[in-house]
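S.K.:
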Amino acid sequence: MQFTRALDVNTRPHPTRGSGDDSGIERLTERLNIGLKHEKSLKHKCFGGRVAGTAQCVLNTDIGAETPHFQAHSSRKSYADANRVSAVILGGGTGAQLFPLTSTRATPAVPVGGGYRLIDIPMSNCFNSGINKIFVMTQFNSASLNRHIHRTYLGGEISFTDGSVQVLAATQMPEEPAGWFQGTADAIRKFIWDYYVEKDIEHIVILCGDQLYRMNYMELVQKHVDDNADITISCAPVDKSRASNYGLVRFDDTGRVLQFFEKPKGDDLESMESLSVLLYCLTLKLLMLQRVDTSFLSYAIGDTQKLPYIASMGVYVFKRDALLYLLESKYPQLHDFGSEILPRAVLEHNVQACIFTGYWEDVGTIKSFFDANLALTEQHPKFEFYDPKTPFFTSSRYLPPTQLDKCKIKGAFISDGCLLSECVIEHSVIGICSRLSSGCEVKDTVMMGADFYQTKEEALNLLSSGKVPIGIGENTKIRNCIIDINAKIGRNIVIENSMSRPALHSDSTPAATADADAAAALLTILQSPDPARLPAAGIAPTPGLLQHLRPALHALPDSALPVLARWAGAATAVSLLASRGLFAASWRLLLSSSSPAPPPLAAFAPLLRRYARLGRATAALRAFRYLRRHPDRYTVDDDDGDDSSSAVSPLVLLTVDALCKEGHPRAAVQLVEHLRRDEPGWAPDVRAYNILLNGWSRKRRLDKVEKLWAAMRAAGVRPTVVSYGTFVDALCVMRRPDQAMALLDQMREEGIDANLLTCNPIVYALAQAGRFGDAHKVLEKFPLYGVAPNISTFNSLVLGYCKHGDLTGASGVLKAMLGRGISPTARTYNYFLMAFARNRNVELGMNLYNKMINNGYEPDRLTYHLLIKLLCESNRLELTLQMIQDMRNSGFEPDLATSTMLIHLLCRRHQFEEAFVEFEHILDSCVLENQSRPFFVAVSYNQDPVMMGTDLYETKEESLKLLLSRKVPIGIETTQR
1 MQFTRALDVN TRPHPTRGSG DDSGIERLTE RLNIGLKHEK SLKHKCFGGR VAGTAQCVLN
61 TDIGAETPHF QAHSSRKSYA DANRVSAVIL GGGTGAQLFP LTSTRATPAV PVGGGYRLID
121 IPMSNCFNSG INKIFVMTQF NSASLNRHIH RTYLGGEISF TDGSVQVLAA TQMPEEPAGW
181 FQGTADAIRK FIWDYYVEKD IEHIVILCGD QLYRMNYMEL VQKHVDDNAD ITISCAPVDK
241 SRASNYGLVR FDDTGRVLQF FEKPKGDDLE SMESLSVLLY CLTLKLLMLQ RVDTSFLSYA
301 IGDTQKLPYI ASMGVYVFKR DALLYLLESK YPQLHDFGSE ILPRAVLEHN VQACIFTGYW
361 EDVGTIKSFF DANLALTEQH PKFEFYDPKT PFFTSSRYLP PTQLDKCKIK GAFISDGCLL
421 SECVIEHSVI GICSRLSSGC EVKDTVMMGA DFYQTKEEAL NLLSSGKVPI GIGENTKIRN
481 CIIDINAKIG RNIVIENSMS RPALHSDSTP AATADADAAA ALLTILQSPD PARLPAAGIA
541 PTPGLLQHLR PALHALPDSA LPVLARWAGA ATAVSLLASR GLFAASWRLL LSSSSPAPPP
601 LAAFAPLLRR YARLGRATAA LRAFRYLRRH PDRYTVDDDD GDDSSSAVSP LVLLTVDALC
661 KEGHPRAAVQ LVEHLRRDEP GWAPDVRAYN ILLNGWSRKR RLDKVEKLWA AMRAAGVRPT
721 VVSYGTFVDA LCVMRRPDQA MALLDQMREE GIDANLLTCN PIVYALAQAG RFGDAHKVLE
781 KFPLYGVAPN ISTFNSLVLG YCKHGDLTGA SGVLKAMLGR GISPTARTYN YFLMAFARNR
841 NVELGMNLYN KMINNGYEPD RLTYHLLIKL LCESNRLELT LQMIQDMRNS GFEPDLATST
901 MLIHLLCRRH QFEEAFVEFE HILDSCVLEN QSRPFFVAVS YNQDPVMMGT DLYETKEESL
961 KLLLSRKVPI GIETTQR
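Under full-length UniProt numbering, the first residue of the sequence shown is numbered 1, with each subsequent residue one higher.
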């Protein structure tokens with residue numbers, strides 16, 4: 001809440017005269033210096049809260065035009081009492097400029113900000129200001145407004161202390177049979193008896209119900225009392241493009257309104273433009289007075305040249321007696337405040353202006369309503385509903401939290417009770433109880449939501465009966481639109497304003513656009529009555545195209561599935577369907593009788609793996625048993641062997657592999673045990689054992705690996721090099737390289753040739769443990785095993801040496817690599833940079849970087865990350881900025897990790913402005929990459945995180961201040977998982 005009193009400050013009067021010995025120029029110079037101090041004080045007070053004392057600055061010319069005279073008025077004598085103030089909210093207009101949003105509701109009942117109504121703005125401002133005697137005037141389409149007021153403010157949800165909210169609808173009076181309000185003043189006149197009844201009311205605040213702002217009305221009333229005004233008008237600066245939409249005011253240097261003109265046009269508008277009050281002469285000899293204007297409010301307004309008009313906000317404070325006199329005695333035939341009463345009242349009453357410097361937006365037109373809603377989604381919006389000290393109230397709907405499933409949301413406002421599934425939402429406001437189905441894209445849109453909650457089951461029932469549920473159907477694209485409450489939009493619809501503006505941030509590339517266009521053409525063919533014409537279209541199944549096609553698969557008819565399988569391949573088609581959870585469609589495709597031959601067994605693999613990935617191992621086992629009973633449902637390549645019960649069939653291997661790779665080795669072992677028990681003579685072969693060994697190794701269950709290895713040897717199954725490689729890797733991961741080396745000797749005794757799969761893990765484990773002598777001994781045995789070391793072998797040694805700080809040893813390995821004709825890679829040099837960064841050795845790091853460039857090695861992203869970390873930790877800002885530029889030149893855009901290191905460096909150097917600019921760049925560019933450390937600890941139960949929330953609300957400004965001071969705000973840091 002910010003008010004600027006018309007040159008109102010809380011300061012002592014400045015001296016106005018110097019000694020008689022001073023020359024005129026010296027006196028004027030002294031006065032100008034005093035004026036600068038006064039300006040600083042005024043600038044501070046313009047944006048302050050409630051001011052305890054009052055002094056008004058008046059320009060006089062008592063000793064000539066050279067000397068400005070600052071005169072102090074008397075201090076505040078009385079304070080406004082909120083219990084003696086009543087508020088009247090006007091909400092009965094036709095709302096023609098907001099049509100069709102006002103076709104079935106009054107303007108104050110229009111939803112705003114996702115979960116609020118416009119009436120909530122003035123009502124909440126009243127409560128937060130301490131005003132609890134409120135009257136709401138209604139007339140046109142008032143049913144929705146009355147219902148909202150009753151539920152929210154009359155139903156016990158908001159408690160009052162010696163206050164009330166009364167709804168005053170247009171009523172037929174005996175003296176006026178028509179009954180309708182003829183204007184804003186007429187609406188109050190017809191209920192003037194209410195103010196006679198309230199004898200303790202001294203001041204009446206008149207408000208509009210179609211504006212977006214946060215204001216403490218009691219500060220306005222206090223200004224009204226201090227000035228002993230009959231009427232006080234709350235005003236705001238506006239530019240020329242909007243000036244003709246409001247009533248404009250001109251006032252003098254004391255804040256008294258001289259002229260009020262309602263919605264001027266042409267020459268009348270030009271006459272209301274403000275000019276400079278004070279023009280300092282460059283020769284310091286003259287201080288000139290010109291017409292009254294906004295320049296003395298430059299501290300509050302900013303650039304007075306861009307905002308040269310002062311507009312009435314439609315917020316007035318009247319003395320009760322003055323209001324009764326104007327409406328009943330003076331102007332009983334006039335019906336409107338802005339166009340009739342106020343222009344006349346300024347001539348004979350003390351009408352004061354009070355400049356409001358906070359955010360204010362009149363949303364009485366479609367364009368302003370649309371822009372104001374979308375402005376809420378910005379990174380740093382000018383207006384926010386979130387404020388713990390002055391919250392906005394609305395109806396308590398007791399809705400469940402919004403449910404999101406695989407959604408991409410960027411710069412959006414999501415309300416409660418929404419069901420969002422596999423959709424894209426960008427720069428939009430989504431109202432309460434909204435439903436967006438899979439494949440939807442909503443951009444630059446205000447979706448008002450629904451009046452009631454519709455569950456998934458209800459929506460499915462409506463769809464199955466051929467009806468359209470509330471919300472947006474599948475694969476519908478909407479952009480630059482306003483969607484009214486309870487709107488029903490079906491599938492595959494495109495709604496886009498022909499004047500749509502381009503997206504603020506576009507992630508599309510020419511290749512992505514081509515894939516999207518091809519996917520749309522493909523979808524059109526598949527949904528047509530003749531999908532078999534797809535081969536003639538000449539569309540190739542590229543990965544990008546398939547990715548765009550994925551969200552629309554559920555909309556394909558069954559007749560299109562065989563065509564899709566022939567076009568992309570059966571395995572690819574099933575993989576696409578299963579990835580979307582379309583298991584029934586996958587089975588219909590695989591078991592379709594229309595195909596000339598059964599599908600290959602490999603086509604069932606994506607289905608089984610998807611079951612396992614979703615934790616449905618039992619479903620995967622049921623599918624296995626079905627296929628086991630019906631071998632005619634699939635075909636097997638000759639190289640895979642037959643499907644007899646005496647051998648391990650490809651079906652068994654495929655199922656065991658799917659379970660193990662998706663983290664279910666226990667279920668795979670149980671399957672093998674069941675087959676061994678239920679089918680006499682069946683036993684797993686080495687391929688099955690290898691898959692099971694790999695499954696337990698992935699889970700890092702060395703005990704299970706050892707047990708399974710012992711069972712394999714007891715069953716007489718001879719291990720292969722793959723078996724040994726899996727066992728060696730499991731031992732090395734668990735830091736048992738000695739056992740792994742014993743396995744190498746065992747392999748040699750069994751006549752099994754080792755390879756890099758078995759040798760490299762041992763070298764890596766020994767190097768990580770700092771056992772470089774043993775690592776080199778293993779390396780010397782490579783020729784005995786018939787294995788030649790490769791770049792991974794030497795990189796393992798380099799990493800080990802660098803980890804333990806032995807750069808000499810790492811350099812020796814690098815020379816040995818070059819002697820063997822193995823060229824180092826960027827990863828090799830990165831290990832050296834890790835050591836340099838740990839020791840903060842900038843010179844060695846930069847020398848190595850220059851050597852890489854000179855020798856033709858291309859640094860990767862990690863190279864630049866390590867160098868930037870080294871330079872930032874060494875407080876080398878200039879080199880850091882140069883390295884970021886080199887990173888860009890190499891085709892790597894700086895990510896969140898890079899920007900975070902730079903921000904930390906700037907903060908350490910106390911360059912907070914530059915740090916804030918970099919932070920703004922992160923937010924504006926929507927850079928989302930992993931960061932090194934978590935900020936917030938969530939409660940964990942069964943490995944599923946549960947975030948419990950917070951007891952208090954921390955604003956964005958408070959969070960930014962904490963981040964810039966290297967403190968941690970409440971919540972989770974960007975992109976932490």
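For glycine and all other residues, C-beta sits at the position ideal for the given N, C-alpha and C. Remember, it's a predicted structure, so these values are computed and weren't measured experimentally.
Should Ser607 and Ala667 be called a contact, given that it needs their Cβ atoms to be closer than 8 Å?
M.R.: According to the sequence shown, residue 607 is Leu rather than Ser. For Leu607 and Ala667, no; Cβs fall outside 8 Å.
S.K.: Just to confirm before moving on: does the CB-CB distance between Leu601 and Leu654 stay below 8 Å?
M.R.: yes
S.K.: Expressed to the nearest angstrom, what Euclidean distance is found between the alpha-carbon atoms of Leu523 and Ala555?
M.R.: 9 Å
S.K.: Cα separation between Arg628 and Val652?
M.R.: 9 Å
S.K.: Using beta-carbon positions only, say whether Cys907 and Ala915 come within less than 8 Å of one another.
M.R.: yes
S.K.: Are the segment 523–538 and the segment 546–565 in contact at 8 Å, needing three or more beta carbon pairs?
M.R.: yes
S.K.: Measure the C-alpha to C-alpha separation of Met712 and Gly569 and round it to an integer number of angstroms.
M.R.: Distance between the alpha carbons of Met712 and Gly569 is about 37 Å.
S.K.: Just tell me which of Trp682, Arg625, Pro543, Arg117 has its CA closest to the CA of Val648.
M.R.: Trp682
S.K.: With a Cβ-Cβ cutoff of 8 Å, do Leu866 and Leu833 count as a contact?
M.R.: Pairing Leu866 with Leu833 gives a Cβ-Cβ distance under 8 Å.
S.K.: In the DSSP assignment, what residue or residues form a beta bridge with Met137?
M.R.: Leu90, Leu168
S.K.: Once the 5 residues before and after Ala730 are set aside, which same chain residues still bring their CB inside 6 Å of it?
M.R.: Ser697, Leu702, Val705
S.K.: Name the DSSP bridge partner or partners of His203?
M.R.: Val85, Lys319
S.K.: Drop a sphere of 10 angstroms on the beta-carbon of Thr104, count the other beta-carbons inside from all chains shown, and report buried for 16 or more, exposed for fewer.
M.R.: exposed
S.K.: Which class does Val717 belong to by DSSP, given the choice of helix, strand or coil?
M.R.: coil
S.K.: Would you say the segment 119–131 touches the segment 381–393, given that touching needs at least three Cβ pairs under 8 Å?
M.R.: yes
S.K.: Could you pull the DSSP bridge partners for Ser312 from this structure?
M.R.: Cys235
S.K.: Could you pull the start and end residues of the beta strand (DSSP E) that Ser421 belongs to?
M.R.: 419–421
S.K.: Going by CA-CA distance only, name the one from Glu893, Lys240, Ile762 that's closest to Lys265.
M.R.: Lys240
S.K.: Which residue's Cα is closest to the Cα of Cys423: Pro400, Leu877, Arg435, Ile470?
M.R.: Selected option, being the one with the closest Cα: Arg435.
S.K.: Would you please state the rounded distance, in angstroms, between the beta carbons of Ile131 and Gly209? I believe it to be under 8 Å.
M.R.: For a cut-off of 8 Å, the C-beta gap from Ile131 to Gly209 is around 15 Å, too long to register as a contact.
S.K.: Can you name the start and end residues of the alpha helix (DSSP H) that Lys456 belongs to?
M.R.: 456–464
S.K.: Roughly how many angstroms separate the alpha carbons of Pro824 and Met817, rounded to a whole number?
M.R.: 7 Å
S.K.: Using C-beta distances below 8 Å, list every residue in its chain close to Arg700, excluding the 5 sequence neighbours before and after it, in chain order.
M.R.: Ala730, Val733, Met734
S.K.: What residue does the beta strand (DSSP E) around Ile355 start on, and which one ends it?
M.R.: 351–356
S.K.: Using the three-state DSSP reduction, which class does Gly209 fall into: helix, strand or coil?
M.R.: Collapsing the DSSP output to three states places Gly209 in coil.
S.K.: Using a Cβ distance threshold of 8 Å, determine whether the segment 320–330 contacts the segment 243–262, with at least three qualifying pairs required.
M.R.: no
S.K.: Taking Arg533 as part of the alpha helix (DSSP H), name the residues at either end of that continuous run.
M.R.: Here Arg533 belongs to no alpha helix (DSSP H), and DSSP marks it neither H nor E.
S.K.: Let me check understanding here. Comparing Cα to Cα, which of Gly490, Cys481, Asn480, Arg479 lies closest to Leu460?
M.R.: Gly490
S.K.: On a CA-only basis, which of Thr720, Arg625, Leu692 is nearest Asp678? Give me that one, please.
M.R.: The shortest C-alpha separation from Asp678 is found at Arg625.
S.K.: Pairs of beta-carbons, one from the segment 81–92 and one from the segment 355–367, closer than 8 Å: are there three or more?
M.R.: Verdict: no, contact absent.
S.K.: Taking Glu441 as part of the beta strand (DSSP E), name the residues at either end of that continuous run.
M.R.: 441–443
S.K.: For Pro789, which residues of its own chain have a beta-carbon under 7 Å away from its beta-carbon, when the five flanking residues on both sides are left out?
M.R.: Around Pro789, the same chain offers Leu779, Phe782 as residues with beta carbons nearer than 7 Å, after the five sequence neighbours per side are excluded.
S.K.: Is the beta carbon of Cys407 sitting closer than 8 Å to the one on Leu420?
M.R.: yes
S.K.: Tell whether a beta-carbon distance below 8 Å holds between Thr726 and Val763.
M.R.: no
S.K.: Just how far apart, CA to CA, sit Leu347 and Asn373?
M.R.: Whole-angstrom Cα-Cα distance: 39 Å.
S.K.: In the DSSP output, what is Leu818 paired with across the bridge?
M.R.: Answer is none; Leu818 lacks a bridge partner.
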